[in-house]
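This report concerns only the one structure given below.
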Amino acid sequence: MSLLSLLFLAQSACSFQTEAIPLNWTTLSACAVDNPARIIAGDITTQVANNTPASCVLSCASQGFGYAGVEFGNECHCGTGLVAVLQNAPVADCNMACTGNSNFSCGGPWRIQVYGFPALRPGSWAYQGCVEDTLAAPAFSASTTHTFTTNLDLVDQCLQACSRAGATFAGVEDAAVCQCSNSGPVPEAQQTDDADCNSLCPLPGNAGFEFCGGVERLGVYKLLG
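Dropping the structure here:
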């Protein structure tokens, strides 16, 4: 982005309007400090010609992410969480107009507006075990299937997607697939040893890996409460 473009996009924060955030997401920070390592866990950054906070939230949600942020006017950031407590900056620091609508602000240089989905977090879900899941004998009788652009922290992504769908059961399979259901495993579903759910998904940062189901094995979670 040229200096001229930066000067055009930057303006007084007080002149910006506040865009309505869709999908019942909430503003976690009206302006926070970002850094080259990124404050959003598993950050996926996209430069968007028509960027706004609302469009970024919709984009991140459609990919199964529960966190979004706008920065530098044209950047949309999607991720699975926060790497640390947000360090708020003066709102006036988020002084760059959105490329999609100059009435709204989209962060600034290393300043990011952060949004999150206020669903029940993974701690509200309980692991139910490893269940056999095949085309001939599916574990869930009625389910919707979700795939994401990355399997980073797949369990969290899946639980967020199922929360948004209003489902009470979630399942991850072969480190790639998420299933959501309201009825849970069918009575004839065969529960197998947890060791069969041995496919690994990466966690953000240096946190290592987590188990994400297995080949024809569904790691099942149930929403509590």
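First residue of the sequence shown? That's 16 in the working numbering, and the numbers climb one at a time after it. Glycine residues also receive a C-beta, built at the ideal position from the N, C-alpha and C atoms. Computed from a predicted model, the values in this text were never measured in an experiment.
So what does residue i bridge to, in DSSP terms?
{"i": "residue 40", "result": "Paired residues: none, contrary to the question."}
{"i": "residue 112", "result": "120"}
{"i": "residue 225", "result": "216"}
{"i": "residue 261", "result": "The chain is shown from 16 up to 240; residue 261 falls before or after that span and cannot be answered."}
{"i": "residue 192", "result": "188"}
{"i": "residue 3", "result": "Lying outside 16 to 240, the shown extent of the chain, residue 3 is not represented and no answer is given."}
{"i": "residue 97", "result": "55"}
{"i": "residue 238", "result": "140"}
Near residue i, what residues of its chain come up, given a Cβ to Cβ distance below 7 Å and the 5 sequence neighbours on each side ignored?
{"i": "residue 218", "result": "168, 224, 225"}
{"i": "residue 62", "result": "89, 90"}
{"i": "residue 191", "result": "162, 166"}
{"i": "residue 26", "result": "Below a pLDDT of 50, predicted positions are generally treated as unreliable, and residue 26, at 48, falls in that range; the measurement from the model is reported next regardless. For residue 26, where only same-chain residues beyond five positions count, the Cβ hits under 7 Å are 110, 112."}
{"i": "residue 212", "result": "145, 226, 228, 229, 232, 234"}
{"i": "residue 189", "result": "214, 228, 229, 230"}
{"i": "residue 102", "result": "47, 48"}
{"i": "residue 43", "result": "101, 129, 130, 131"}
{"i": "residue 149", "result": "231"}
{"i": "residue 36", "result": "42, 68, 69, 72, 130"}
Straight-line CA distance for residue i to residue j?
{"i": "residue 178", "j": "residue 104", "result": "31 Å"}
{"i": "residue 195", "j": "residue 30", "result": "43 Å"}
{"i": "residue 137", "j": "residue 124", "result": "At residue 137 the pLDDT is 47, less than 50, meaning the model places this residue with poor confidence; the figure from the coordinates comes in the next sentence. Their backbone Cα atoms lie some 32 Å apart in a straight line."}
{"i": "residue 34", "j": "residue 204", "result": "47 Å"}
{"i": "residue 236", "j": "residue 76", "result": "20 Å"}
{"i": "residue 83", "j": "residue 131", "result": "6 Å"}
{"i": "residue 78", "j": "residue 193", "result": "12 Å"}
{"i": "residue 157", "j": "residue 198", "result": "7 Å"}
{"i": "residue 99", "j": "residue 129", "result": "13 Å"}
{"i": "residue 85", "j": "residue 52", "result": "16 Å"}
{"i": "residue 73", "j": "residue 38", "result": "8 Å"}
{"i": "residue 40", "j": "residue 159", "result": "22 Å"}
{"i": "residue 45", "j": "residue 171", "result": "24 Å"}
{"i": "residue 238", "j": "residue 65", "result": "37 Å"}
{"i": "residue 210", "j": "residue 201", "result": "21 Å"}
{"i": "residue 81", "j": "residue 152", "result": "31 Å"}
{"i": "residue 291", "j": "residue 121", "result": "The structure shown has nothing for residue 291, since the chain only spans 16 to 240."}
{"i": "residue 115", "j": "residue 95", "result": "24 Å"}
{"i": "residue 154", "j": "residue 108", "result": "51 Å"}
Check whether the Cβ of residue i lies closer than 7 Å to any Cβ atom in chain D.
{"i": "residue 120", "result": "In the structure shown, chain D does not exist; there is a single protein chain."}
Within the same chain, show all residues whose beta-carbon is closer than 6 Å to that of residue i, passing over the 5 residues directly before and after it, in chain order.
{"i": "residue 135", "result": "Bear in mind that the predicted position of residue 135 carries a pLDDT of just 43, short of 50, making it unreliable; the figure below should be weighed with that in mind. Within the same chain, residue 135 has close Cβ partners 178."}
{"i": "residue 92", "result": "55, 58, 60, 84"}
{"i": "residue 206", "result": "144, 146"}
{"i": "residue 173", "result": "185, 187, 193"}
{"i": "residue 118", "result": "32"}
{"i": "residue 127", "result": "47, 49, 84, 86"}
Secondary structure, alpha helix (DSSP H): runs of 4+ residues fully inside the stretch 116-188: 169-179
Ordered list of beta strand (DSSP E) runs contained in the stretch 27-95, each at least 3 residues: 41-48, 59-62, 82-86, 90-94
Taking contact to mean 3 or more Cβ pairs, one atom from each stretch, closer than 8 Å, check whether the stretch 65-72 and the stretch 178-188 are in contact. no
Taking contact to mean 3 or more Cβ pairs, one atom from each stretch, closer than 8 Å, check whether the stretch 140-155 and the stretch 50-65 are in contact. no
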